[in-house]
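**Student:** Sequential numbering of the sequence shown, starting at 29, is according to my numbering. C-beta: ideal position from N, C-alpha, C; glycine also. Here it is: the structure, laid out below.
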Amino acid sequence: MKTIKITFLFLTLFSSTQLFAQNPTRDLIKEQKIEAQLKSLDSSIVKTYKEATVAMDQNNLKLADSLYSLVYIKAPTFDPAIRRLGMIRLQLGNTKEGIELCEKAITINKTAYNLLSLAYCYFIDSNDRNLSKASSLLREAQMLPDGDDPDILSLLGQIALQEQNIADFRTVTNAMLAKHNDLMITHYFAAILAAQDEEWKLAESEIQQAKKLGLQEESVKTFLNSGVSSNLNKRQYGYYFLVIVIIWILGLFLLFIIGKLLSNFTLRSIEKQTLSSVSNKSAKILRPLYRLFMNIGGVYYYISLPIILILVIALVVVLFYLFLYVGRIPIQLMAILAIGSCFTIYGMIKSLLVKVDYSDPGRKLENEEAPELFKLAEEVANTIGTRPIDEIRITPATDLAVYEKGSWKDKFQDKAKRVLILGIGVVKDFNQTDFRAVLAHEYGHFSHRDTAGGDVALRVRNDMTKYFYALYSAGQNVWWNLAFQFLRLYNFIFRRISHGSTRLQEVLADNVAAKTYGKLAFQNGLTYVIKRDIEFNSFANIEIDEAKKVNRPFNNLYELSGNSTESIDEELNNSLNRKTTEDDTHPSPIDRFRFISNINNININYDTSKIRDLFLNWDSITKEMTKIIEDNVNKYR
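Here you go:
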């Protein structure tokens, strides 16, 4: 690899024929000394000598040959003219005569310049033997006066390149940088050496410096196009991407730290009960600030995806070149990595482009089926001072929640359809006052506009879930998959930074319920919902197992009854009194009760009549829901 590179750069070096064949500017002081030497021998030929030198510098070789020949005839011991005549004969194609004349000049006077001229002759007539002779002559010249002449060093550098001797070339280049830093050839050599060392930025800088000092534009382009520019671009892009990755990682860290601090501040404020009302100044500042921060966190997820995509590809490429460098490529491992990266990229794109058809839960409850229930819901809304629900959807489970349907604009303008999800499993023994208190909590979310925002955060959660399932189904939920590890990390960060926001929403909604219907009614209502969820699941599972054993239809799951067993009581006690963990989106029940404990109790007419009595066709609805569960069980039996 390196030998090929050096050879190519050597050929590039000699693509400019005038690079080293001449010295465009002569040292006038040296020339004057030479002319004085000739004048002492024969002053009549000094003018001829000067004319010969001018002709040589103008590359008029035939005229220079004639004039130097005249000088040689009249001053046969004047070695500067002899060596120059030898150089001209060499360039005219008379190699043998050129070498003989240069050898004669050395015989007359062994100077550094005479040795350089003979070395140049051997270099032009290059073979391994002559290159060795040229190198020896130049080493000898270095020991004499004027031995540090740049022409000597530059020719040594050319020989080192042709012999593929990078160590000698490095020594020569460093010497030229130290002694002749103002010469074009010095920086050309430095550019080649930098390219050999894969210091692409330095190579570009040195070749541009050589250009300023006279190197032809064509030679500069040839050098840069030999791979310097492309490798420099690759390295620069790699550097830029590395900077982006570092900034991205710092962004993740900053997102987590700021979110954690904001969440902790919110939670501490909740503990101190300084956020007891949505009208509270702190709450007014925190809620929109938190919503903005959550949206920023959501957008950051999408910003992260292209970076993850490039990292996944880069990992495969780096491993491939690493194995290539080692000399052994494990085909099976590389195939697994390549296929895995393809699935990862495909899953990422699919999670963004594939639209999930989100259907509403359960079925719509018509007003005619429970007019009094709709009336009750409207009364609660009016009491709180917010818009009533537009639709009730019943499900077979124990759900109790609200959401809004409509465009972002509709939600922003508070025109979206409000929907109450009511699980039939929770209705059975729910009394009306407790139900009103729990419903007031749900209306609190509407009045605080909790359901109007967070679209970005919700979309992120959905896209993360889709991406996770795509990786899982492709078997890419493995430790070495960067995308999978990113999903785990971002899910952790996103959950941590969102807890303060979601818990604040719940606490403020709890306060609405407690202030409207009394803290006792809300506490009783929430306790009932938790207990009923445990009971329904316990009784229903027993009934389903027994029905499956004897292959009979299910009994009405919503009319099942039984004694409150020890396990149910224990589970209820654990649910009510557990500590709030960092992974909880809601405070634990005991904490929620504690947060409303300072609210003054109010006197209300406690209505113990049951919510199920508000349904005109309760039996048919419970049978319908039972049938839905039975069909689902049979589907997966």
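In three-state terms, what does DSSP make of Gly175?
**Tutor:** DSSP places Gly175 in coil when its eight states are reduced to three.
**Student:** Do you know how far the Cα of Val74 is from the Cα of Asp107?
**Tutor:** The straight-line gap from Cα to Cα measures roughly 14 angstroms.
**Student:** Three or more beta-carbon pairs under 8 angstroms between the stretch 432-450 and the stretch 498-515, yes or no?
**Tutor:** Short answer: they don't touch.
**Student:** With DSSP as the reference, identify every bridge partner of Arg620, one or two as the case may be.
**Tutor:** Note: Arg620 sits in no beta bridge, so no partner.
**Student:** For my contact list, Leu56 and Ala80 are in at a C-beta cut-off of 8 angstroms; report their separation, rounded to the angstrom.
**Tutor:** Incorrect: roughly 17 angstroms between the Cβ atoms, too far for contact.
**Student:** On the DSSP bridge list, what partners appear for Glu419?
**Tutor:** For Glu419, which the question treats as bridged, DSSP gives the partners Val447.
**Student:** My guess is that Val430 and Glu470 are in contact by the Cβ rule of under 8 angstroms, so how many angstroms apart are they, rounded?
**Tutor:** Their Cβ separation, rounded to whole angstroms, is 4 angstroms, which keeps Val430 and Glu470 in contact under 8 angstroms.
**Student:** Would you tell me roughly how many angstroms separate the C-alpha atoms of Ala169 and Leu144, rounded to the nearest one?
**Tutor:** Each residue's alpha carbon lies about 7 angstroms from the other.
**Student:** For the beta strand (DSSP E) containing Lys392, list its first residue and its last residue.
**Tutor:** Taken as a continuous stretch (DSSP letters only), the beta strand (DSSP E) holding Lys392 covers Arg391 to Leu393.
**Student:** Can the beta-carbon of Ala541 be found closer than 7 angstroms to that of Ala468?
**Tutor:** Contact: yes.
**Student:** Can you look up Leu428 in the DSSP assignment and give me helix, strand or coil?
**Tutor:** If DSSP states are grouped into helix, strand and coil, Leu428 belongs with the strands.
**Student:** Please check the pair Leu189 and Phe197, which I expect to be a contact at CB under 8 angstroms, by giving their CB distance rounded to whole angstroms.
**Tutor:** Indeed, because the Cβ distance is near 6 angstroms, the residues count as touching under 8 angstroms.
**Student:** Could you check where the alpha helix (DSSP H) with Ile73 kicks off and where it finishes?
**Tutor:** Unbroken run through Ile73: none, as it is neither H nor E.
**Student:** Quick one, which of Gly528, Ile596, Asn583 and Tyr586 has its alpha-carbon nearest Thr613's?
**Tutor:** Considering only alpha carbons, the answer is Gly528.
**Student:** Report buried or exposed for Ala195, applying the criterion of at least 16 other Cβ atoms within 10 angstroms of its Cβ.
**Tutor:** Its Cβ having fewer than 16 others within 10 Å, Ala195 is exposed.
**Student:** With DSSP run on the structure shown, which of helix, strand or coil describes Lys638?
**Tutor:** Of the three classes helix, strand and coil, the one that applies to Lys638 here is strand, per DSSP.
**Student:** Expressed to the nearest angstrom, what Euclidean distance is found between the alpha-carbon atoms of Phe550 and Leu642?
**Tutor:** The alpha-carbon atoms of Phe550 and Leu642 are separated by roughly 20 angstroms.
**Student:** Hey, how far is the Cα of Tyr77 from the Cα of Leu243?
**Tutor:** Computed Cα separation, rounded: 30 angstroms.
**Student:** Using a Cβ-Cβ cutoff of less than 7 angstroms, which residues in the same chain neighbour Ile572 once the five nearest sequence positions on both sides are dropped?
**Tutor:** Excluding residues within five positions, the ones whose Cβ falls inside 7 angstroms are Phe582 and Val661.
**Student:** Quick check on the burial criterion: 16 or more other C-beta atoms within 10 angstroms. Buried or exposed for Tyr564?
**Tutor:** Going by the sequence as given, residue 564 is Phe instead of Tyr. Buried, because 16 or more other Cβ atoms sit within 10 Å of the Cβ of Phe564.
**Student:** With distance defined between alpha-carbon atoms, name the residue in Glu232, Val346, Arg464 and Gln86 nearest to Ile362.
**Tutor:** According to the sequence as given, residue 362 is Met; it is not Ile. Ranking the options by Cα distance to Met362, first place goes to Val346.
**Student:** Need the endpoints of the alpha helix (DSSP H) that Gln533 sits in, please.
**Tutor:** Residues Leu510 to Tyr545.
**Student:** Near Gly553, which residues of its chain fall below 6 angstroms by C-beta distance, leaving aside the five closest residues on each side in sequence?
**Tutor:** Same-chain partners within the cutoff: Asp462, Ala465 and Val466.
**Student:** With DSSP run on the structure shown, which of helix, strand or coil describes Lys433?
**Tutor:** Reduced to three states, the DSSP call for Lys433 is strand.
**Student:** Is it buried or exposed for Ile180, if we count other Cβ within 10 angstroms and need 16 for buried?
**Tutor:** The residue is buried, with at least 16 neighbouring Cβ atoms inside 10 Å.
**Student:** Report the rounded CA-to-CA distance for Arg445 versus Tyr268, giving the unit in angstroms.
**Tutor:** Sequence inspection shows Lys at residue 445; the Arg mentioned does not correspond to that position. If I take the Cα positions, the gap works out to 48 angstroms.
**Student:** Inspect the beta-carbon positions of Glu377 and Arg421 and report whether they are closer than 7 angstroms.
**Tutor:** The amino acid occupying residue 377 in the given sequence is Ile; Glu does not appear at that position. Not a contact, by the Cβ cut-off of 7 angstroms.
**Student:** Classify Phe321 as buried or exposed, calling it buried when 16 or more other Cβ atoms lie within 10 Å of its own Cβ.
**Tutor:** Counting Cβ neighbours within 10 Å, Phe321 comes out buried, since at least 16 surround it.
**Student:** Between the C-alpha atoms of Leu159 and Pro178, what's the straight-line distance to the nearest angstrom?
**Tutor:** Roughly 19 angstroms between the two C-alpha positions.
**Student:** Just checking, does the stretch 348-368 make contact with the stretch 384-398 on the three C-beta pairs under 8 angstroms criterion?
**Tutor:** No, the stretch 348-368 is not in contact with the stretch 384-398.
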